[in-house]
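Presented below is the structure to which this report refers.
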Amino acid sequence: MHSSLRPFVGGVLLAALPALAHAHPGHDDPEITWDFSHLVAHPLATIGCLLVIAGGIWLAWHFARRSAKPPRPRTDSR
7 MHSSLRPFVG GVLLAALPAL AHAHPGHDDP EITWDFSHLV AHPLATIGCL
57 LVIAGGIWLA WHFARRSAKP PRPRTDSR
């Protein structure tokens, strides 16, 4: 796999984690008011959410850093 494609694929897989995991128990109530007890009651979902957020931040940072670098000179003879 091309090296510039690896971070993108990793980011896409990390972003797809919530869709693959489905909603965890505790979303039956129509109210969207949570407190920290909900996060403590569902630690795996909390960790997964933090991983998705961290992965998104890392992916944005990676692409921003990559676009700031000057392009490499071509080494082939074409």
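The opening residue of the sequence shown carries number 7 in this note's numbering; numbering runs sequentially from there.
All C-beta atoms, glycine included, are put in the ideal place defined by N, C-alpha and C.
Please read all numbers here as calculations on a predicted model, not as lab measurements.
Delimiting residues of the alpha helix (DSSP H) encompassing residue i
i, result
"His-44", "42-47"
"Leu-20", "12-21"
Reduced DSSP secondary structure (H/G/I, E/B, other) of residue i
i, result
"Pro-79", "coil"
Nonlocal neighbours in the same chain, by C-beta distance under 8 angstroms from residue i, ignoring five residues either side
i, result
"Leu-57", "Leu-20, Leu-23"
Cut-off 7 angstroms between Cβ atoms - residues of its own chain near residue i, not counting five sequence neighbours on either side
i, result
"Leu-65", "Pro-13, Gly-17"
Nearest residue (CA-CA) to residue i, options the options
i, options, result
"Leu-11", "Phe-42, Ile-59, Arg-72, Pro-49", "Arg-72"
"Val-15", "Phe-69, Pro-79, Ser-43, Ala-51", "Phe-69"
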